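**Q** This is the structure, below, for whatever I ask next.
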Amino acid sequence: MAHAAPASGVTTRAAGTPDIFSARTHSTTKWAVPVVLGLLYGYWAAANQRDGGPITGWNLLLGFVAALVFAVVYFALLRLGPRMKREVHALAWTSFAGIAFGFLYSQTGATVLRSTAMALAVAATVFVILFYRYYTREDAEGHRVS
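Throughout, this note's numbering is defined as the position within the sequence shown, counted from one, plus 88.
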């Protein structure tokens, strides 16, 4: 059976799916996604802490600091994650997700015990999903299996 060759300028990945975006788009996305998600996270944290009250300077500071920390850690995990073993890689993302969710939940005025329980539930779910994903798609050294 004959298959069509990829169009000129379109490269194919190892999995056989076409790469329709340019190298510049991929480069921009590596920076834009953590920044945009960080800003959303910072806004969400500030809105939870404010609880419908007036916007204050401390509230803005909380939002920008939360956005900065979230974006830096997210970017670091994107860069360092592929170099880790699959178990450590899953644990790193699990810790990030649990801490991020726990902090947001604590800003709603919930008790520390409730915030911790919710963060652990989210972290456990993330760990199961990511460990399964990395275990089925990587070898023991963390290299992607084709």
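All C-beta atoms, glycine included, are put in the ideal place defined by N, C-alpha and C.
As the structure is a prediction and not an experimental result, all values here were calculated from the model.
Please report the distance separating the alpha-carbon of Phe152 from that of Asn136.
**A** The sequence position of residue 152 within the sequence shown is 64, counting from 1. The sequence position of residue 136 within the sequence shown is 48, counting from 1. Near 14 Å, if we compare the C-alpha coordinates of Asn136 and Phe152.
**Q** To the nearest whole angstrom, what separates the beta carbons of Tyr129 and Ala154, a pair I think is in contact under 8 Å?
**A** Locating residue 129 in the sequence shown gives position 41, where the first residue counts as 1. Locating residue 154 in the sequence shown gives position 66, where the first residue counts as 1. Contact holds; Cβ gap of about 6 Å.
**Q** Taking buried to mean at least 16 other C-beta atoms within 10 Å of its own C-beta, is Thr100 buried or exposed?
**A** Counting from one through the sequence shown, the residue named residue 100 turns up at place 12. Because the pLDDT at Thr100 is just 47, under 50, the model does not fix this residue reliably, and the value given afterwards should be weighed accordingly. Answer is exposed; the Cβ neighbour count stays below 16.
**Q** Can you look up Pro106 in the DSSP assignment and give me helix, strand or coil?
**A** Start at 1 with the first residue of the sequence shown, and residue 106 comes out as number 18. DSSP places Pro106 in strand when its eight states are reduced to three.
**Q** Are three or more beta carbon pairs between the segment 202-212 and the segment 142-152 nearer than 8 Å?
**A** Counting Cβ pairs under 8 Å, fewer than three are found: no touch.
**Q** Rounded to a whole number of angstroms, what is the C-alpha to C-alpha distance between Asp107 and Ile217?
**A** Start at 1 with the first residue of the sequence shown, and residue 107 comes out as number 19. Start at 1 with the first residue of the sequence shown, and residue 217 comes out as number 129. Looking at the two C-alpha atoms, the distance is approximately 26 Å.
**Q** Quick one: what does DSSP say Gly126 is sitting in, helix, strand or coil?
**A** Against the sequence shown, residue 126 aligns to sequence position 38. Helix, per DSSP.
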